[in-house]
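*Asks:*
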Amino acid sequence: MIIGKIKCLDNQNGIALITVILATALVAILAVSMTFGQHLDIRRTANLLEGDRAMVLALGLEEWGRQVLIRDDRKRDHLGEDWALGLMPIATENGIISGSIVDLQGRINLNNLEVGNAQTMTIAQTKVMLEGLFDFCEVDGSFELVQAVIDWLDHDAQGVAEDNEYLLHDPAYLAANRLMASPSELLLVEGVTPDNYACLEDQITALPDPTAININTASAEVIASFSVDISISEAEEIVRDRPDNGYSSRNDFLNHQGVAGSGLPANGLSLASDFFMIRGQAIFGEAEISLYSLVARRVNGEVEILGRSIGTY
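Residue numbers (the working numbering): 57 to 369.
This is the structure we're talking about:
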């Protein structure tokens, strides 16, 4: 009987020991879980705070751009002005900021295909330019692609690319039948590939009003697209010969040997711009924000924010 009691006590002690071990392990698991959750909450809160501070810095850069454009001489815009120099990276407490301003009227306005006019740039001129840009990018079927862009913008259901084409996509969608809000919408147009867009990206824009091309800020690719009689090498020479403070008149540009004889009309060309993109890049801690602000310079001298996007224009 004594031996039986000893065995029973040993079994009870073993069970008790296992119970204690399991309880200790459970407490340890709960403690680790609570600690991990606490650290996760702290990191999440820190990320939110750092993101908010980075956004505040980016908005500050937007205001910097506005003030630079407000002080700028509106009579002529060229790449030798303060706005074109940008803001070099500056170290701040726990971060870095930098900013730049781009003249969007040095690019082809895709919405001119719908709202172009004789005072700015006609629809026909814009078609020629966009076809030339597609050809420069070695895109097959430039005429059809430009027609597809027109169908994306217009309000009718007749053309080479309308709803019936887009409903076959996965996922299906409809043609916008309105002006583009961003040039990246071009990626949705039937026939346009990411490679096509990558080549066109720096030469196109989407502005709410019809616009002319600023010959003082336009790239060689944009200038070459004015006419089939202007080669890319001639356009590059035109850009090299452009005065540091820009052309003082449209005739000075039209009389350049690379342009003369091309039959390029004076309408559609400008020496100044109203639409710009302010890019503010801010890093605070682990957070990084690139803010793109589309702005318009008004007659009264004010610079109006038309839209903002984060990450891409």
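Glycine included, every Cβ here is placed at the ideal spot set by N, Cα and C. For clarity, every value in this text was computed on a predicted model and none was experimentally measured.
1) What beta strand (DSSP E) runs, 3 residues minimum, are completely inside the stretch 107-132?
2) Whose C-alpha, out of N173, V76, D129, E277, is nearest the C-alpha of P266?
3) Tell me where the alpha helix (DSSP H) around F192 begins and ends.
4) Nearest to G151 by alpha carbon, out of V205, S349, Y222, E344?
5) Give the straight-line distance between the Cα atoms of Q203 and L243, rounded to the nearest whole angstrom.
6) Just checking, does the stretch 182-194 make contact with the stretch 222-233 on the three C-beta pairs under 8 Å criterion?
7) Per DSSP, which residues does D297 bridge with? Please list them.
8) Given this structure, state the Cα-to-Cα distance separating L125 from V359, to the nearest angstrom.
9) E360 bridges to which residues according to DSSP?
10) Find the nearest neighbour of R354 within the set Q337, S329, G188, judged by alpha-carbon distance.
11) Go ahead and pull the three-state DSSP assignment for L65.
12) On a CA-only basis, which of Y369, G324, F331, V83 is nearest S346? Give me that one, please.
13) Identify whether M144 lies in helix, strand or coil by the three-state DSSP scheme.
14) Identify, in the order they occur along the chain, each residue of the same chain with its Cβ nearer than 7 Å to the Cβ of L263, setting aside the five sequence neighbours on each side.
15) Ignore the nearest five residues each way along the sequence and tell me which others in L362's own chain have a CB closer than 6 Å to its CB.
16) When burial is assigned at 16 or more other CB atoms within 10 Å of the CB, is E342 buried or exposed?
17) Taking Cβ positions, are R306 and I271 nearer each other than 9 Å?
18) Taking the straight line between their C-alpha atoms, what separation do you get for Y222 and L256?
19) So, for D285: in the same chain, excluding its five sequence neighbours on each side, which residues have a beta-carbon less than 6 Å away from its beta-carbon?
20) Once DSSP output is grouped into helix, strand and coil, what is the label at L325?
21) Kindly give me the distance between the Cβ atoms of G155 and A274, rounded to whole angstroms, as I take these residues to be in contact under 8 Å.
*Replies:* The answer reads as follows:
1) None, since the stretch 107-132 contains no complete beta strand (DSSP E) of that length.
2) Taking the first residue of the sequence shown as 1, we reach residue 266 at position 210. Closest option to P266, Cα to Cα, is N173.
3) Taking the sequence shown and counting its residues from 1, one reaches residue 192 at position 136. Counting along the chain, the alpha helix (DSSP H) containing F192 begins and ends at 179-192.
4) Your numbering for residue 151 matches position 95 in the sequence shown. Taking only the C-alpha atoms, the option nearest G151 is E344.
5) Counting from one through the sequence shown, the residue named residue 203 turns up at place 147. Counting from one through the sequence shown, the residue named residue 243 turns up at place 187. A straight line joining the alpha-carbon of Q203 with that of L243 spans about 15 Å.
6) No, they do not touch.
7) The residue labelled residue 297 in the question sits at position 241 within the sequence shown. Beta bridge pairing from DSSP links D297 with no other residue.
8) Counted from its first residue, the sequence shown places residue 125 at position 69. Counted from its first residue, the sequence shown places residue 359 at position 303. The straight-line gap from Cα to Cα measures roughly 7 Å.
9) The count along the sequence shown starts at 1 and reaches residue 360 at position 304. DSSP links E360 through a beta bridge to A352.
10) For the purposes of this step, residue 354 is taken as the residue at position 298 of the sequence shown. Closest by alpha carbon: S329.
11) Within the sequence shown, residue 65 is the residue found at index 9, counting from 1. With a pLDDT of 49 at L65, under the threshold of 50, the predicted position of this residue should be treated as unreliable, though the coordinate-derived value follows. Helix at L65.
12) Indexing the sequence shown from 1 puts residue 346 at position 290. Nearest in C-alpha terms to S346, of all of Y369, G324, F331, V83, is Y369.
13) As a first step, residue 144 must be located in the sequence shown, where it is residue number 88. The three-state secondary structure of M144, taken from DSSP, is strand.
14) For the purposes of this step, residue 263 is taken as the residue at position 207 of the sequence shown. Within the same chain, L263 has close Cβ partners L160, N165, N167, F331.
15) Along the sequence shown, read from residue 1 onward, the residue named residue 362 stands at position 306. Correct list, in chain order: L350, A352.
16) Mapped onto the sequence shown, residue 342 falls at position 286. Label assigned to E342: exposed.
17) Counted from its first residue, the sequence shown places residue 306 at position 250. Counted from its first residue, the sequence shown places residue 271 at position 215. Yes, Cβ-Cβ distance for R306 and I271 is below 9 Å.
18) For the purposes of this step, residue 222 is taken as residue 166 along the sequence shown, with counting starting at 1. For the purposes of this step, residue 256 is taken as residue 200 along the sequence shown, with counting starting at 1. Their backbone Cα atoms lie some 22 Å apart in a straight line.
19) Walking along the sequence shown from the start, residue 285 turns up at place 229. These residues qualify, in order along the chain: S318.
20) Locating residue 325 in the sequence shown gives position 269, counting from the first residue. Strand, per DSSP.
21) Counting from 1 along the sequence shown, the entry for residue 155 is found at position 99. Counting from 1 along the sequence shown, the entry for residue 274 is found at position 218. Separation of the CB atoms of G155 and A274 is rounded to 22 Å, and the pair is thereby denied contact status at 8 Å.
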